[in-house]
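In this note's numbering, the protein residues as written are 3 to 135.
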């Protein structure tokens, strides 16, 4: 499902969001990988957000970035440069099997790229923010 419309208006600027929701019945994460692969090509930096109890996921993300100081007491944010190794890692991840709450496409709660793209709620909601004058 795609949706594009103005969501934020600032002085002389409007921000638009294109939203893509991954179907809840998707048996694989191939659609997520295809979209993510394209968006990673124009990104220079990333942030991965994990809940505190997601220790394994935090450890995996720390191989490609460093802990960012934030005021988020419920989780950790790992930031870093989008490198070929990081891209290969992210796109090689299998679809998680713990899908009781979310039909997860990725083990990471959120992945934000500096080009305005985000993969949120374990890859079930993808957003591209565009700023237009």
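Glycine residues also receive a C-beta, built at the ideal position from the N, C-alpha and C atoms.
{"Check": "Start-to-end residues for the beta strand (DSSP E) that takes in residue 26", "Outcome": "Note, residue 26: premise wrong, no beta strand (DSSP E); not H, not E."}
{"Check": "Reference residue 101; option with closest CA among 109, 22, 115", "Outcome": "109"}
{"Check": "Residue 1, buried or exposed, once every other Cβ within 10 Å from all chains shown has been counted against 16", "Outcome": "Look at the range of the chain in this structure, 3 to 135, and you will see that residue 1 is not part of it."}
{"Check": "Whether residue 128 touches residue 50 by CB criterion (9 Å)", "Outcome": "no"}
{"Check": "Per-residue DSSP class, three states only, for residue 95", "Outcome": "coil"}
{"Check": "For residue 75, the three-state DSSP class (helix, strand or coil)", "Outcome": "coil"}
{"Check": "Per DSSP, cross-strand counterpart(s) of residue 70", "Outcome": "79"}
{"Check": "Option in 38, 19, 45 with minimal Cα separation from residue 115", "Outcome": "45"}
{"Check": "Reduced DSSP category for residue 61 - H, G, I as helix; E, B as strand; rest coil", "Outcome": "helix"}
{"Check": "Short Cβ contact (9 Å threshold) for residue 97 with residue 36", "Outcome": "no"}
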